[in-house]
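Read the structure below first, then the notes.
Protein chains in written order, with the numbering used here: chain Y, 1 to 318; chain R, 1001 to 1318.
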């Protein structure tokens, strides 16, 4: 089986507060574990869209790790290069949401199995056949070991003629902005497409306006910048064009993973070699469907669901 | 303030399944975080019994860590030597109970803040004034760093004329039995009192009978072996005597922490220089009261509650 898309990075389970406005430091109820990690949500969504894909990452030899690997396998992700370590525990993210829309996290990540991505896992035979390698800024931020694995994967894929997609997915609370820019630069200048949110674009480019930021990001080298605007849809920038694509109206249950699912739709659209407007519309539909269910991976739609939405629903916003 | 008792070891929060028979690897509800860690439960119980005490351990700079430190401070534990690290996350234990009485855990412990106990924290001025240093087998098992801190603390306290109490609190699932015996030996041969369960005594001594095991443990050097028999009370062994002390009948809500609270009662009784039978009766009452509330530290009783139980309740078992 030839893999078309591979992603690499943190695998973790998410343990979330059952209700809003419950601080993490006070006893209360949680629900979980849910398979998570931005690149894992991405690859699961790619698989559900019917594309052959695989993942490189690490879990602990425990029930949380088994949950993640079984989930990815069930959805069709190749897990040959997911390793399981007996002396590390699977990464965990505790998350709580507040009614003002803010979130708060506690992570066991950089010192957990999630951050132990070994050189041996970045296999040149495995990676040199893929058409797209998708990376996330969050994976670059975990630790030095994980960052090096990302850079090495980029080198192999580029050398073999494959392409890179990059979601900056910045966590300025984990690392300073300057450091984030520095570690993102090698990926930005190697990738085919960047998929930031407005805040991420501004932070990376150091501008006050999201559109200016996207123009500036193009100067790093990517063909395309896909600006994710949430319920307002997406704007696609190339050297020649700006394409504004409206979103699909949905009832939001849980926003987690929406951006990662948008990325999946976008990369799948690029693989199909559709015109950019069609790619973006498809990606908007994948992202919209993702927010309709609780849990980071639960909303990832099937190809059929996305096609039905693209075919039948009116667009909103613009 | 002169501290009478100090303990050293893992600080962590416990996240527990809300209902029985919920495996950890399937989405469901949890409750937590609850301040925990066997030596932390012990020291909290000592403080609630009105004895000046302190703790040496490490948390992460996060809401879980703050919860633990605030809880210990509120109950009167001196937290001068609890440090908070910004680049490590507070340890976490996920636990689920099954209806057959078994438990299953997933830990973020040895690579989390819990395991980062530095030489600087084992302060000779602080420790050389204490009457009892209480150690747990679980702390010896975390990692090399933590183990060395335990040994160094024993050396300081012994040299200054203080005494050591030791709860083997073995986790054979974390380390093999041979290794546990090896790392426990230096503490066994230095301590005044050992407080094992029947299973722990048999495992440490390598015998099939708990009473034989306790006799064998005396040969290592301790004056007293206090065998915890749960709802059947406790048996106290010295070179001369075996004292059988009945338990107090209570309605069990959550057994977590009962053994640690028994230890606290026993050490407090020894500090008071009571006869061993009175010490054991007091410790039985502390342990019994501990199981009447949900959460690892929630049941730790006050001195008044224990005295009321000892005074008014009939004993059960024998």
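Where a beta carbon is used, it is the ideal one built from N, C-alpha and C, also for glycine.
For residue i, the first and last residue of its enclosing beta strand (DSSP E)
i: residue 1033 (chain R); result: 1028–1036
i: residue 1271 (chain R); result: Residue 1271 (chain R) -> not in any beta strand (DSSP E); alpha helix (DSSP H) instead, spanning 1258–1271.
i: residue 1104 (chain R); result: 1103–1108
i: residue 1095 (chain R); result: 1091–1097
i: residue 133 (chain Y); result: 132–136
N-terminal and C-terminal residue of the alpha helix (DSSP H) that residue i is part of
i: residue 1312 (chain R); result: 1303–1312
i: residue 1149 (chain R); result: 1144–1159
Reference residue i, options the options, closest by Cα
i: residue 1202 (chain R); options: R:1177, R:1186, R:1223 and R:1189; result: R:1177
i: residue 141 (chain Y); options: Y:131, Y:241, Y:79 and Y:115; result: Y:115
i: residue 1071 (chain R); options: R:1130, R:1034 and R:1097; result: R:1034
i: residue 1011 (chain R); options: R:1254, R:1109 and R:1133; result: R:1109
i: residue 1277 (chain R); options: R:1235, R:1292 and R:1258; result: R:1235
i: residue 1014 (chain R); options: R:1297, R:1306 and R:1301; result: R:1297
i: residue 310 (chain Y); options: Y:90, Y:248 and Y:21; result: Y:248
i: residue 1121 (chain R); options: R:1185, R:1287, R:1055 and R:1026; result: R:1055
i: residue 1225 (chain R); options: R:1185, R:1257 and R:1165; result: R:1165
i: residue 343 (chain Y); options: Y:196, Y:144 and Y:302; result: Since the first residue of chain Y shown is 1 and the last is 318, residue 343 (chain Y) is not available in this structure.
i: residue 238 (chain Y); options: Y:46, Y:282 and Y:192; result: Y:192
i: residue 307 (chain Y); options: Y:293, Y:251, Y:288 and Y:294; result: Y:288
i: residue 1354 (chain R); options: R:1264, R:1030, R:1017 and R:1292; result: It is not possible to answer for residue 1354 (chain R), since the shown part of chain R is limited to 1001 through 1318.
i: residue 1197 (chain R); options: R:1096, R:1064, R:1302 and R:1209; result: R:1209
i: residue 1041 (chain R); options: R:1128, R:1275, R:1077 and R:1028; result: R:1077
i: residue 1218 (chain R); options: R:1245, R:1157 and R:1187; result: R:1187
i: residue 1103 (chain R); options: R:1019, R:1003, R:1275 and R:1230; result: R:1019
i: residue 1299 (chain R); options: R:1083, R:1262 and R:1274; result: R:1262
i: residue 1270 (chain R); options: R:1134, R:1060 and R:1259; result: R:1134
i: residue 155 (chain Y); options: Y:244, Y:125 and Y:168; result: Y:125
i: residue 149 (chain Y); options: Y:8, Y:85, Y:221 and Y:32; result: Y:8
i: residue 1130 (chain R); options: R:1117, R:1253, R:1158 and R:1207; result: R:1158
i: residue 1250 (chain R); options: R:1215, R:1213 and R:1293; result: R:1293
i: residue 254 (chain Y); options: Y:84, Y:80, Y:97 and Y:21; result: Y:97
i: residue 1291 (chain R); options: R:1230, R:1268, R:1267 and R:1243; result: R:1230
DSSP-derived helix/strand/coil call for residue i
i: residue 165 (chain Y); result: strand
i: residue 1248 (chain R); result: coil
i: residue 122 (chain Y); result: coil
i: residue 291 (chain Y); result: coil
i: residue 318 (chain Y); result: Residue confidence is low: residue 318 (chain Y) scores 39 on pLDDT, short of 50, so the model does not pin down where it sits. Its coordinate-derived value is still stated next. Here residue 318 (chain Y) sits in coil by DSSP.
i: residue 1170 (chain R); result: coil
Amino acids of chain B, ordered along the chain, whose beta-carbon sits closer than 9 Å to that of residue i
i: residue 179 (chain Y); result: Checking the listed chains, one finds no chain B in this structure; the protein chains it contains are Y and R.
Tell me which residues of the stretch 280–304 of chain Y have at least one Cβ-Cβ distance to chain R shorter than 7 Å, keeping chain order. none
Name, going along the chain, the residues of the stretch 120–137 of chain Y whose beta-carbon falls closer than 7 Å to a beta-carbon of chain R. none
Could you name the residues of the stretch 49–71 of chain Y whose beta carbon sits closer than 9 Å to any beta carbon of chain R, in the order they occur along the chain? 60, 62, 63, 64, 65, 66, 67 and 70
Report the residues of the stretch 235–256 of chain Y with a CB closer than 8 Å to any CB of chain R, ordered along the chain. none
Extract the residue ranges of the alpha helix (DSSP H) inside the stretch 1007–1084 of chain R, only unbroken runs of 4 or more that lie entirely within it. 1038–1048 and 1063–1074
Could I get the ranges of all uninterrupted alpha helix (DSSP H) runs contained in the stretch 183–244 of chain Y, with 4 residues as the minimum, in chain order? 198–205 and 210–218
Which residues of the stretch 19–38 of chain Y have a Cβ closer than 9 Å to any Cβ of chain R? Give them in chain order. 23, 24, 25, 26, 27, 28, 29, 30, 31, 32, 33 and 34
Below 9 Å between beta carbons is the criterion; list the residues of the stretch 185–210 of chain Y that meet it against any residue of chain R, in chain order. none
Pull out every residue of the stretch 1095–1111 of chain R whose Cβ sits closer than 7 Å to any Cβ of chain Y, in chain order. 1106, 1107, 1108 and 1111
Positions along the stretch 1077–1088 of chain R whose CB lies within less than 9 Å of some CB in chain Y: 1087 and 1088
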